[in-house]
Amino acid sequence: MQAQLRYHRIPETLSLFAFSMLHFGCGAEGDRSQVIQRDEQPGAAVTREEFGELTDGTSVDVFTLTNMDGMVVRAITYGGIITSLRVPDRDGQIDDVVLGFDDLAGYLSEHPYFGAIIGRYGNRIAGGRFTLDGQEYTLATNNDPNHLHGGITGFDKVVWQAESFERDDSVGVVFTYSSAAGEEGYPGKLDVRVTYTLTENANELVFDYYAVTDAPTPVNLTQHSYFNLAGDGSGNVVGHELTINADHYTPVDSTLIPSGEIAPVVGTPFDFRTATAIGARIDQEDEQLRHGSGYDHNFVLNRSDGPLTHAVLVYEPQTGRTMDVYTAEPGIQFYAGNFLDGSITGKAGNVYGHRSGFCLETQHFPDSPNKPEFPSTILRPGEEYRTRTIYVFGVRP
Ligand code: BGC
């Protein structure tokens, strides 16, 4: 990792999910043999209760994951949505740092993927078309003129099966969903498992993604939480300082499709290699910023030797909260909430104004099915899609 990130706590005090279980060991598949029941012992805990019902009567449950540091994560079976994520600030005050709604009705209304699992394909596919093994496929152009985040009824809008687990160092929930062949125009049946794990005392939230298919298909799963480390509803996020471990990014056209170029960040507003406030350059006159109405771009992460790259550090100066992102993915979409415009009212009556939350979506690059030069997103029968991302929450004095 870059020298400027060295002040941050690294393995001595950080389990990094037990150093990533030597290449995503248990967790990726929710290995039941590792489950230890500790009903009577103190530690992390997980509970399940009803959250609401869809109009057809399908019940949606909420899981509440709690750890020893007072961190609390709530996630529902609809879209695997993280509805709240409560972490301490430098004075020990615990606040919710994600945008969202108080009830299911909010999540069933139109909103920009708050908190959800995204699939089959996170980000855009140009013109909603791609060719795979000589056959052309057509997808919904739900983000005119492109396909975005899996289509009209993506993984963010389906009810997942879910089971909680408790281990000796963590608790979590395993979400499963079987996406039928042809769903949203994608080929092959895709069986997906996404595991959320909260470690007992390192404030790590671990995302393990696993999928298998019976026919070749693109897969690019991610998580779409909107963060405001000063607390949900506390205004815009432009004062957050970001360090992104990326020497390059993928410039886009006016519809946010990459040109294919892997461009250096040096000398551009996309150079976050040293800590820089989100707002420091976001309104500069720059063609790329104009295309995204601010930051809405894929950064090409500098690879490290281990299974995970330390991709991003976020620091919120008022509360001292930090968030580190580690990932096995080659890219990350930094979206600065540019399209939030005050038209959505969320939790506790909070109005989500311009840039009131940001997303850090770990991913393969946008439009990879049409860009043979990008790392492949095609999963084939007999292969396993496995990837891990960890968000680590902390504080600085
Ligand atoms: C995209 C944005 C989009 C947002 C909500 C992000 O992943 O990059 O362009 O507005 O999702 O849909």
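In the working numbering, each residue's number is its place in the sequence shown (first place is 1) plus 912.
Positions of the beta carbon are idealized from the N, C-alpha and C atoms, including for glycine.
For clarity, every value in this text was computed on a predicted model and none was experimentally measured.
The C-beta of D1208 has 16 or more other C-beta atoms within 10 Å across all chains shown, which makes the residue buried. Exposed is the label assigned to L966, since fewer than 16 other Cβ atoms lie within 10 Å of its Cβ. Residue state for R1202 is assigned as helix, using DSSP reduced to three classes.
Counting C-beta pairs closer than 8 Å gives fewer than three between the segment 1164-1172 and the segment 1185-1194, which falls short of the contact rule. The three-state reading of DSSP puts E1096 in helix, counting H, G and I together.
The residue among T1155, S1171, Y1025, G1269 with its C-alpha nearest the C-alpha of T1188 is T1155. Taking all protein chains in view, the Cβ of V1178 is surrounded by fewer than 16 other Cβ atoms within 10 Å, so the residue is classified as exposed. Residue environment: A1074 is assigned as buried (16 or more neighbouring CB atoms within 10 Å of its CB, all protein chains considered).
Excluding five sequence positions before and after N1058, the CB atoms of its chain that fall closer than 7 Å to its own CB belong to R1036, I1037, A1038, G1039, G1040, T1167, I1169, given in chain order. At least 8 Å separates the beta-carbon of R1002 from that of V1304.
About 34 Å separates the Cβ atoms of G1269 and L1044, ruling out a contact at the 8 Å cut-off. With contacts defined as CB atoms closer than 8 Å, G1097 and T1065 fail to qualify as a contacting pair. Runs of the alpha helix (DSSP H) spanning 4 or more residues and lying entirely within the segment 1178-1243 occur at 1199-1204, in chain order.
Within its own chain, no residue has a Cβ closer than 7 Å to the Cβ of G1046 once the five positions on either side in sequence are excluded. Its Cα nearest to that of D981, the residue R998 stands out among D968, F1139, R998. The Cβ atoms of A987 and T978 do not sit closer than 8 Å to each other.
The beta carbon of Q1245 sits closer than 7 Å to at least one heavy atom of ligand 1. Among the bridge pairs identified by DSSP, N1115 is matched with none. Ranked by Cα distance from N1214, the first of T1134, A1240, I1302, E1153 is A1240. Per DSSP, the unbroken beta strand (DSSP E) holding Y1303 starts and ends at 1297-1307. Using a 10 angstroms sphere on the CB of E1285, the tally of other CB atoms stays under 16, which defines it as exposed.
In this chain, the beta strand (DSSP E) harbouring A987 covers 984-988. Cβ-Cβ distances below 8 Å link E962 to S971, V972, D973, V974 in the same chain, with the five nearest sequence neighbours on each side left out; the list follows chain order. In the three-state reduction of the DSSP assignment, F1067 falls in the helix class, which pools H, G and I. Following the DSSP letters along the chain, one finds L1016 inside the alpha helix (DSSP H) bounded by residues 1016-1020. Contact annotation: the segment 1258-1274 touches the segment 1137-1145, with at least three C-beta pairs closer than 8 Å.
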